[in-house]
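93 is the number of the first residue of the sequence shown in the numbering used here; add one for each residue after it.
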Amino acid sequence: MRLIFVLVFLSLIISCKPEKSSLVEQYDLSSNWIFRDKSEAEWYPANIPGTVHTDLQDNRIIPDPFYGCHEQNLQWIGERSWIYKTQFYVDSAMLSKKNIRLVFEGLDTYADVLLNGEKILQANNMHRRWEVNCTSKLVFGNNTLEVEFAPALEQIKRDSFALGYPLPGGQWAFARKAAYHFGWDWGPRFVTAGIYKLVYLETWDSHRPKDFYINTKAIENSSAILELNGQIESNETENAIIKISDINTGKQIHQEQVSLLSGINNINTNFSIKNPKLWWTNGLGEPHIYDLQVELITESGNSHTQTIPLGIRTIRTIFKDDEHGKALYIELNGTPVYMKGANYIPQHSFVTEVTEADYQRVIQTAKESNMNMLRVWGGGVYENDIFYELCNRNGILVWQDFMFACSMYPTDSLFAENVKQ
């Protein structure tokens with residue numbers, strides 16, 4: 093009887109202990125979208141993420157763009173304006189949050205975003221993430237979200253005319269949009285538009301961690317010196333603990349207390365791993381990956397967790413004089429590496445059509461071909477995370493171009509700031 097009482101007492105203690113709740117919550121908005129040509133009245137179902145070309149084909153409005161002379165016959169799509177629309181429900185729990193952001197991971201390209209009939213965003217860059225504070229814009233019940241895409245071809249004509257002289261390369265250089273959409277020597281011309289990445293609402297009250305990442309600072313004396321960086325956006329002052337653990341072993345590697353102040357808190361903390369397994373390129377050794385879990389726990393019991401796949405390595409680009417002139421090579425963990433690779437271009441004219449299996453196939457064949465580096469061409473897009481993770485896990489370095497290709501580009505301050513974003 094006494095044992096039963098003790099067990100019941102312990103059970104009450106455990107059940108009454110407040111559970112950790114997530115600091116940030118996301119609400120997916122990729123469902124129930126419809127679209128139409130702005131000049132026409134009829135709406136059709138749309139897929140998000142997606143493009144206007146794939147939505148038109150899915151609804152059998154256009155034929156296969158890659159068959160016969162269809163490419164030439166479908167150029168009218170890039171000359172039209174397209175409207176996408178959805179409705180989503182907001183309950184009282186969401187409305188009670190202190191901060192609500194509408195996030196578009198990718199909009200292609202010139203777009204006005206309206207929430208409940210009010211314009212809240214004007215986008216002009218395919219290569220960036222867009223975020224809007226909509227805390228005071230949402231209403232209880234159904235909310236309407238519309239995205240109107242203007243034709244990129246018209247915008248680049250206006251920008252080119254305003255400059256007063258032509259740029260070598262083409263008018264497309266004015267658009268922060270994948271250059272290959274305008275046609276290239278290896279692919280067709282499909283000047284598409286659409287919500288081509290995830291769209292969601294992000295809510296929080298006190299703190300929002302943003303983009304933690306880990307760098308290798310040095311490898312010395314059988315120890316790897318690592319650096320955790322990131323930002324935490326805070327509405328209040330509070331102490332918190334940062335824990336770093338190895339998911340595969342379950343061992344905690346580092347713990348540190350931080351004081352969060354109202355505003356932007358920059359996180360920069362060093363920790364070490366003894367006797368690390370180093371990351372090596374394909375053919376030179378094992379590309380060992382540490383799957384690290386970073387957890388932020390506040391005094392009030394809220395938490396945020398992020399998993400970071402880490403290859404412990406030092407990489408240097410070496411320029412030095414030799415008997416032939418100037419040498420250029422990559423040094424990995426102090427070892428010169430002969431780089432073997434290829435130029436990587438977008439796998440499809442419509443980037444939303446590339447599947448996880450496609451990425452796996454390309455990286456696997458690169459590995460089997462004894463490659464150890466891929467150059468991501470600047471006329472495409474910044475690739476999805478899965479591309480970089482597969483390269484990381486297969487011992488393939490990435491030479492990442494900025495998104496510029498084969499042209500002179502505008503140099504005015506507005507264009508430069510757009511690129512910076």
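Note that the Cβ used here is the ideal one computed from N, Cα and C, for glycine as well.
With 16 other Cβ atoms within 10 Å as the buried cut-off, status of residue i
i	result
C226	buried
N462	exposed
R268	buried
S131	exposed
W278	exposed
Y430	exposed
D147	buried
L352	buried
T427	exposed
M495	buried
E210	exposed
S441	buried
F479	buried
Y272	buried
V98	Reliability of the predicted coordinates at V98 is poor, the pLDDT of 32 falling under 50, and the value obtained from them is presented with this limitation in mind. Under this definition V98 is an exposed residue.
Pick from the options that is closest to residue i, judged by C-alpha positions
i	options	result
G355	G279, L237, T329	T329
E481	V454, N362, P401	P401
L194	Y181, D183, W222	W222
A185	R220, L255, V231	V231
K289	A244, F241, R220, P260	R220
D398	I407, D383, S392, D204	What sits at residue 398 in the sequence shown is Gln, not Asp. Looking at the Cα atoms, D383 is the closest of the given residues.
N464	S499, E197, L424	L424
P379	S326, K249, I488	I488
I409	L420, G403, E415	Note on residue identity: the sequence assigns Thr, not Ile, to residue 409. Checking every option, the nearest Cα to that of T409 belongs to L420.
V116	I437, N216, S326	S326
Q439	F494, N486, G471	G471
T503	I169, P141, S252	S252
E348	T341, L466, T361	T361
D493	H396, L466, D156, G233	L466
D477	T447, K249, T143, N208	T447
S188	S228, G198, W371	S228
Q452	R485, L259, A434, K432	R485
S395	Q456, I324, N358	I324
E445	I407, C498, I140, D129	I140
C498	T143, F274, G233	F274
N234	Y181, G198, G170	Y181
Three-state secondary structure (DSSP) of residue i
i	result
W371	strand
S252	helix
K459	helix
M465	strand
F411	strand
L104	Bear in mind that the predicted position of L104 carries a pLDDT of just 30, short of 50, making it unreliable; the figure below should be weighed with that in mind. Three-state result, L104: helix.
I127	Correcting the residue type first, residue 127 is Phe in the shown sequence and not Ile. DSSP places F127 in strand when its eight states are reduced to three.
E387	strand
A185	helix
E132	coil
Q439	coil
N510	helix
S499	coil
E171	helix
H380	coil
T284	coil
L293	strand
A270	coil
L166	coil
R300	strand
I140	coil
V484	Before going further, note that residue 484 is Asn rather than Val in the sequence given. N484 falls in the helix class under three-state DSSP.
K109	Bear in mind that the predicted position of K109 carries a pLDDT of just 33, short of 50, making it too unreliable to give a figure here.
E246	helix
Inter-residue CB distance, residue i and residue j (contact presumed, cutoff 8 Å)
i	j	result
E319	I306	7 Å
T201	A244	5 Å
V468	Y436	5 Å
I404	L370	6 Å
Any non-hydrogen atom of the ligand SAH within 8 Å of residue i CB
i	result
S298	Looking for the ligand SAH in the displayed structure turns up nothing, as the structure carries no ligands at all.
* Are at least three pairs of beta-carbons, each pair with one atom in the segment 154-163 and one in the segment 327-344, less than 8 Å apart? -> no
* Three or more C-beta pairs below 8 Å linking the segment 285-301 and the segment 116-130 -> yes
* Asked: Three or more beta-carbon pairs under 8 Å between the segment 388-403 and the segment 298-311, yes or no?
  -> yes
* So, do the segment 236-244 and the segment 167-186 have three or more beta carbon pairs nearer to each other than 8 Å? -> yes
* Asked: Does the pairing of the segment 262-276 with the segment 135-149 give three or more beta-carbon distances under 8 Å?
  -> no
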